[in-house]
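Count along the sequence shown from 1, add 17, and you get the number used in the working numbering. Structure first, commentary second.
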Amino acid sequence: MKRPIKHIDLELNDYFEEAFKDGLIPANSYIDKSKTGLGMTYSEFHALRHSLIVIPSLPIIDDKLESYKYMKPLKVWDKTTDKQIKQYIDERIENNQHLKIITTPEGMKKVIDVQKEMDNLNWFYTNVFCLLDEGHCYATDAYRKYILIPFRYFWKFDRKAIGTATPYPYSDARFNDLRHYKIRYAEKFGMVTIVNHAKPMEALNYFLSKPKMFVGKVHIFFNSVKLIRSAIKNANLKLEDVNVFCSDDEANKRTLGEFVNYFRLRPTSSTFKKFNFYSCRYNEGWDLFDDENATMILVTDTKVAHSMVEIQYKGFQAIGRLRSKEKDAQGKPIIIKPHSILHITNTLDTDEAPFTFEQLQEQWFSEARVHVAYRNEFWKESIKENYIPKPLVDELVSKLSMIINGEAVVHPMKVDQLLCRDYCLQSYFNSDEIAEAWKSKNYDTVELQFDIPPIDYKGKSNKQVNSEVVALWELYKSNPEQFKYGKAERSIIKLQSRFKTLHLGYQTLGRRKLVELNHDEKEIKKELVTLSNSNIEDRLKEMLCELFVLGERYSRKEIKKLVQVCYEKVEWKKPNGNDAIATAESLREHGYDLTPSKKDSEGNQVPSFLITKKGDCNS
Numbered sequence: 018m019k020r021p022i023k024h025i026d027l028e029l030n031d032y033f034e035e036a037f038k039d040g041l042i043p044a045n046s047y048i049d050k051s052k053t054g055l056g057m058t059y060s061e062f063h064a065l066r067h068s069l070i071v072i073p074s075l076p077i078i079d080d081k082l083e084s085y086k087y088m089k090p091l092k093v094w095d096k097t098t099d100k101q102i103k104q105y106i107d108e109r110i111e112n113n114q115h116l117k118i119i120t121t122p123e124g125m126k127k128v129i130d131v132q133k134e135m136d137n138l139n140w141f142y143t144n145v146f147c148l149l150d151e152g153h154c155y156a157t158d159a160y161r162k163y164i165l166i167p168f169r170y171f172w173k174f175d176r177k178a179i180g181t182a183t184p185y186p187y188s189d190a191r192f193n194d195l196r197h198y199k200i201r202y203a204e205k206f207g208m209v210t211i212v213n214h215a216k217p218m219e220a221l222n223y224f225l226s227k228p229k230m231f232v233g234k235v236h237i238f239f240n241s242v243k244l245i246r247s248a249i250k251n252a253n254l255k256l257e258d259v260n261v262f263c264s265d266d267e268a269n270k271r272t273l274g275e276f277v278n279y280f281r282l283r284p285t286s287s288t289f290k291k292f293n294f295y296s297c298r299y300n301e302g303w304d305l306f307d308d309e310n311a312t313m314i315l316v317t318d319t320k321v322a323h324s325m326v327e328i329q330y331k332g333f334q335a336i337g338r339l340r341s342k343e344k345d346a347q348g349k350p351i352i353i354k355p356h357s358i359l360h361i362t363n364t365l366d367t368d369e370a371p372f373t374f375e376q377l378q379e380q381w382f383s384e385a386r387v388h389v390a391y392r393n394e395f396w397k398e399s400i401k402e403n404y405i406p407k408p409l410v411d412e413l414v415s416k417l418s419m420i421i422n423g424e425a426v427v428h429p430m431k432v433d434q435l436l437c438r439d440y441c442l443q444s445y446f447n448s449d450e451i452a453e454a455w456k457s458k459n460y461d462t463v464e465l466q467f468d469i470p471p472i473d474y475k476g477k478s479n480k481q482v483n484s485e486v487v488a489l490w491e492l493y494k495s496n497p498e499q500f501k502y503g504k505a506e507r508s509i510i511k512l513q514s515r516f517k518t519l520h521l522g523y524q525t526l527g528r529r530k531l532v533e534l535n536h537d538e539k540e541i542k543k544e545l546v547t548l549s550n551s552n553i554e555d556r557l558k559e560m561l562c563e564l565f566v567l568g569e570r571y572s573r574k575e576i577k578k579l580v581q582v583c584y585e586k587v588e589w590k591k592p593n594g595n596d597a598i599a600t601a602e603s604l605r606e607h608g609y610d611l612t613p614s615k616k617d618s619e620g621n622q623v624p625s626f627l628i629t630k631k632g633d634c635n636s
């Protein structure tokens, strides 16, 4: 049974020792910091006890080594030798100094193996405090084959803790034995502006092309070196404007191509430029020293799977990296809010209701049990038949199990890795779910549309398309702030040009009248002509009154000519919107009574009309 969570309320600028007055991480605890930069790792480095601190990535470790070099910690990673570990431990113990070992998850095995070799393992488990920092990574970093190594040993330590600003509710029952702490903040961490656009790269290019809109430096977290390269190229950014921070490997350098010189090994305030790109390697665990003018941008694209970082974990961690270059009286980094935070993204565009975490948890573990049972039964049958099965089944089941004495057993933390990804992907269902993900991490949100939604013309009638176009005009008109970025205005102008009659009807008649007319363009045109003619009818009547005299005879040809001149001057239209063509009988349409005659007013024998009544001449 899970222990109750102890809540601790802090102010935004409070540090770890405000939560735990002795400044020590409680033993056998799982701490939800809720906010990055609290100083928990700082606390353990300065704790008067032996410490083994497990940190998920080398850039974070290197950042900590630089920050706490005066503590002389030992870095354990691939290139650290057993001899170096043994020598460090011997020297520190001999000099009555506390061990401060900082290792990657994979490196923890090396540390434990050395303790075995030194016949020192029991002492190590008893006297060393084990901290798993960034504790969410064991769920989020499933791509790392050996990420779960620490849990072979973690539970054996007498004193241990897991800490993170983005906790994951692990399914392993042993987590229930830990004391759970959650730090809470009444004040929001900031405002995330969600820039929703079907093509995130297009939106990103807009911002990169307008550096003057940012008062300070811009820090862009985008987990795709390939697309970072494309973004730099599309915006024509120069070397003096851009840094790219990613893993230092040949694959990334090949991907950067002609922009390989933009690569930087380690982000420091002295090397920052106007635009600074970071791959997922730099999403967590380090201090980004800048000022309050900085802008933090997260870019994700649902069409590029590895760019879709978990908003509740990697996304939150990324935008929480900012620290002031100034330090407080204790020499600690001061946490500051950025000038602005943008999340440029598209969505999966589905109204599908997301599953709760508990629902997905039940589904994943139910399936895991079925798959494991099948694997074990398959092996039993194979043994009976006296043959060794091909490895395919074991390879598939290995993603959610471990082998104990030849039998597969559900591995809760492996299942958690699949569950975590599945659950977090639901945040990309639509913009509402994205906003909810940010709100769950104590941010306010506002959504901006980079462009108006596209219209799908396929299989739709003209009336249906017209209705959708009008709805877009209404959306743009009623939410101007929602479209303050990007090309929405240009798209609206294009629609106005393409649907000229519809737009004139929208402006002149209003949306309600267009609905009455069922968005039928012919009917809209008729209504516009009627309205237009009614507006100029008085002027036409006056002109006709001046030209035609009561009791006079006019030839049919003369009437047609004079009326046509009036039509052209006032731009009189037919109901279909075309220019009106006059006939002698046209006068009757304007209130005149005409009597046929064989002579005109000069007595000429021509077909004529006698005007027996004039139209309304306002006299």
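A virtual CB, placed ideally from N, CA and C, is assigned to each residue, including glycine. Every value quoted in this text rests on a predicted model; they were computed, and no experiment measured them.
Contact set for residue i: own chain, Cβ-Cβ below 8 Å, skip 5 residues either direction
i	result
residue 489	469, 470, 472, 509, 512
residue 15	An answer regarding residue 15 cannot be provided, because it is not within the stretch 18 to 636 covered by the chain.
residue 258	228, 290, 291, 292
residue 516	483, 486
Alpha carbon of residue i to alpha carbon of residue j, nearest angstrom
i	j	result
residue 364	residue 40	43 Å
residue 132	residue 124	13 Å
residue 380	residue 408	26 Å
residue 448	residue 464	8 Å
residue 609	residue 534	32 Å
residue 632	residue 598	19 Å
residue 164	residue 495	50 Å
residue 192	residue 506	53 Å
residue 393	residue 72	36 Å
residue 95	residue 485	59 Å
residue 412	residue 33	43 Å
residue 200	residue 25	5 Å
residue 156	residue 27	27 Å
residue 616	residue 538	46 Å
residue 331	residue 114	36 Å
residue 519	residue 596	19 Å
residue 317	residue 122	27 Å
CA nearest to the CA of residue i, picked from the options
i	options	result
residue 418	428, 409, 112	428
residue 487	530, 449, 448, 460	530
residue 134	285, 124, 604, 102	102
residue 356	69, 572, 537, 230	230
residue 189	171, 201, 200	171
residue 56	349, 484, 265, 455	349
residue 109	258, 573, 67, 618	67
residue 620	571, 325, 556, 629	571
residue 167	144, 187, 153, 126	126
residue 545	563, 374, 522	522
residue 222	203, 476, 441, 250	250
residue 369	202, 446, 142	446
residue 458	300, 98, 206	206
Close beta carbons around residue i, own chain, < 6 Å, minus the five adjacent residues each side
i	result
residue 636	For residue 636, the predicted model reports a pLDDT of 46, less than 50, meaning its position is unreliable and no value from the coordinates is stated.
residue 467	212, 214, 220, 502, 503
residue 107	none
residue 23	198
Neighbour flag for residue i against chain C, beta carbons, 7 Å
i	result
residue 250	Note that chain C does not occur in the displayed structure, where there is just one protein chain.
Cutoff 7 Å; reference residue i; Cβ partners in own chain excluding five residues on either side
i	result
residue 245	239, 261, 294
residue 88	62, 117
residue 321	241, 244
Opposing strand residues paired with residue i [DSSP bridges]
i	result
residue 373	Answer is none; residue 373 lacks a bridge partner.
residue 306	340
residue 213	362, 466
residue 347	Looking at the DSSP assignment, residue 347 forms no beta bridge with any residue, so it has no partner.
residue 147	69, 177
residue 425	420
residue 613	626
residue 112	Partner(s): none; residue 112 has no beta bridge.
residue 357	312
residue 294	237, 261
**Study point:** Stretch-stretch touch, CB-based, cutoff 8 Å, three pairs: the stretch 544-553 with the stretch 622-630
**Key:** no
Check your understanding: Do the stretch 301-309 and the stretch 331-345 meet, that is, are 3 or more Cβ pairs less than 8 Å apart?
Key -> yes
**Study point:** the stretch 222-241 contacting the stretch 286-293, beta-carbon criterion three pairs below 8 Å
**Key:** yes
Point to revise | Cβ contact check for the stretch 47-55 and the stretch 162-180: 3 or more pairs under 8 Å | key: Yes, the stretch 47-55 touches the stretch 162-180.
Exercise for review: Check whether the stretch 267-277 touches the stretch 323-337, taking contact to mean three or more Cβ pairs, one atom from each stretch, closer than 8 Å.
Suggested key: For the pair of segments examined, the stretch 267-277 was found not to touch the stretch 323-337: the number of CB pairs separated by less than 8 Å stays below three.
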